[in-house]
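Just so you know, we're using full-length UniProt numbering here: the sequence shown kicks off at 1 and counts up by one. Even for Gly, the Cβ is constructed at its ideal location relative to N, Cα and C. Report on the following structure.
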Amino acid sequence: MSPTTDGGGGIRAVSRAWQVLRAFTPERMSLTLSDLVRETGLPRTTVLRLVETLAGEGLVESGADGRVRVGTSLIAFAAFAETAWTVPPASLARMRALAAETGETVSLYVREGTRRVVVGQAPSPNTLRHVVEPGDVLTMSAGSAAYVLLSLEPPEERDRLVERIVAESAGDAEAIRAGTRTAVERGWCVTHGEREPGNSGLAVPVPFPAGAAPARPPVLAVGGPTVRFTDDKIPGFVHAVRRCAEDIARTGLPPALY
């Protein structure tokens, strides 16, 4: 492996710079160099060089107090990302209506490599609820949305994906394949306590006519406490989520998916 590349063929310096940027959160917008070393697991000299490079591009700023802060160049990136990934108002309104109808949190997911990403969300009106936020990255090794996303892939690609998911997350290959088979056969999937004990999820694909599908097919899911996902409620949930998914296919998705 080249010293300038990572194991997947990418450029290692870019991946490491991204590690530094991801160390910052809304709760931690100012970090010391030691904080960054601890959070990234990279050598101190490497972190120092990365901070200097990122500061030169305005992505971070080094203060006189020795702390590193997010830089002004991120403002333009944030504005662009919001435009690219915002769910259209009509679709978001429909997701909120589904949350009110089912009483559960509604999430729109797409696959990003061996992970799934929340690109849209409408919270449950209940105090006890499933909590995810747009931008959250979740595993593909468990959960109804993961299995439905896998079911949308061609069979040969699906098998390769499962192998990569297991290699990266130590998931159970047979369980993933079984959940995916269920999603293929039914056209939807429900799981209980797979990603988190006491939490259930039900997911369906967002349907598109041939030739009109986005570059990355999304799935729509509802999630909440398992005590509310009783057998008598599941058929109603499937019907409601499918109707919402059909409506979203008409009202639109975030522009970045097209």
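Is Pro-255 closer than 9 Å to residue 261 when the C-beta atoms are compared? Since the first and last residues shown for the chain are 1 and 258, residue 261 lies out of range.
By Cβ distance below 6 Å, which residues in the same chain neighbour Gly-179 in space, the five residues on each side in sequence not counted? In chain order, Tyr-147 place their CB closer than 6 Å to the CB of Gly-179, counting only its own chain and leaving out the 5 sequence neighbours on each side.
Could you check what DSSP says for Gly-8 in three-state terms: helix, strand or coil? Reliability of the predicted coordinates at Gly-8 is poor, the pLDDT of 47 falling under 50, and the value obtained from them is presented with this limitation in mind. Gly-8: coil per DSSP, three-state reduction.
Nearest-angstrom Cα separation, counted from Val-118 out to Thr-139: For Thr-139 and Val-118, the distance between alpha carbons rounds to 11 Å.
Just tell me which of Glu-57, Arg-250, Val-131 and Ile-165 has its CA closest to the CA of Phe-208. Among Glu-57, Arg-250, Val-131 and Ile-165, the Cα nearest to that of Phe-208 is on Arg-250.
Integer Cβ distance of Arg-12 from Glu-104, believed to fall under 8 Å: A Cβ-Cβ separation of about 42 Å leaves Arg-12 out of contact with Glu-104 under the 8 Å criterion.
Run through DSSP, which three-state label would Leu-149 get? Helix, per DSSP.
What is the rounded straight-line gap between the Cα of Thr-45 and the Cα of Glu-27? Going from the Cα of Thr-45 to the Cα of Glu-27 covers about 25 Å.
Excluding sequence positions up to five away, which residues of its chain have a Cβ less than 7 Å from the Cβ of Val-47? Excluding its 5 nearest sequence neighbours in each direction, Val-47 has C-beta neighbours in its own chain below 7 Å: Val-20, Leu-33, Leu-36, Val-37 and Thr-40, listed in chain order.
Can you list, in chain order, the residues of its chain with a C-beta nearer than 6 Å to that of Ser-30? Leave out the 5 residues immediately preceding and following it. Same-chain partners within the cutoff: Arg-67 and Arg-69.
Between Pro-214 and Leu-257, which are expected to be in contact by the criterion C-beta below 8 Å, what is the C-beta distance as a whole number of angstroms? Pro-214 to Leu-257, Cβ: 4 Å. Contact.
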